[in-house]
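**Q** Under mature numbering (1 follows the signal peptide of the UniProt record, and there is no 0), the letters of the sequence shown match residues -18 to -1, 1 to 111, in that order.
Please find one structure pasted underneath; my questions will follow.
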Amino acid sequence: MKLLILIAAVVLLAAAYGYPGPMMAKEGATNFELQLDIRPVKSIIRTVKTGKQIWNFSGPNKGQWVDEKGKKIESSNYSIKSPATLVIKKVTKADAGIYDYEERPEDIMTPPPGVHVDPGMRGYKLDVL
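Have a look at this one:
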């Protein structure tokens, strides 16, 4: 009984602190929303079976997935809902992976001298069933 109470407390604390746990989507689901942050971001980064891909919010590759070599990837199945929510129009097995984001440089706070801030957990693991 004590173990169940402990597990429930840990789960509630993790939820309260916004632990970015795994998310699940059914293959074929439509308009699946993956909110990565509540502030505008510089880019969305995902690591899927085919490798690392980046969705930029500015520059020549704005509004589409690009691989690490700069090759453009078919992106018509995706859109962005402001400020940092990725919308997958129709979920496929190819969408399974880790989704993260890169902060805008102006949003990165420099702590005062002598202060160290541990980075928080971010990113989501998307499993497609």
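Where a beta carbon is used, it is the ideal one built from N, C-alpha and C, also for glycine.
Measuring only the C-alpha atoms, how far is Q17 from V99?
**A** Near 24 angstroms, if we compare the C-alpha coordinates of V99 and Q17.
**Q** Report all residues from its chain with a CB closer than 7 angstroms to the CB of E15; omit the five preceding and five following residues, and keep chain order.
**A** K63, T67, V69, listed in sequence order.
**Q** For W47, which residues in the same chain have their Cβ closer than 6 angstroms to its Cβ, ignoring the five residues on either side in sequence?
**A** Q35, W37, I55, S57
**Q** Excluding the 5 residues preceding and the 5 following P65 in the sequence, name in chain order all residues of the same chain whose CB lies nearer than 8 angstroms to its CB.
**A** D19, I20, R21, P22, V23
**Q** Quick one: Cα of Y(-2) to Cα of V97, how far?
**A** Low per-residue confidence applies at Y(-2): pLDDT is 49, beneath 50, and the placement is therefore not dependable enough to give any value.
**Q** State the Cα-Cα distance for the pair R104 and G52, rounded to the nearest angstrom.
**A** 25 angstroms
**Q** Nearest to Y81 by alpha carbon, out of K8, L111, K31?
**A** K31
**Q** Would you kindly work out how many angstroms separate the C-alpha atoms of L(-15) and K8, rounded to a whole number?
**A** 29 angstroms
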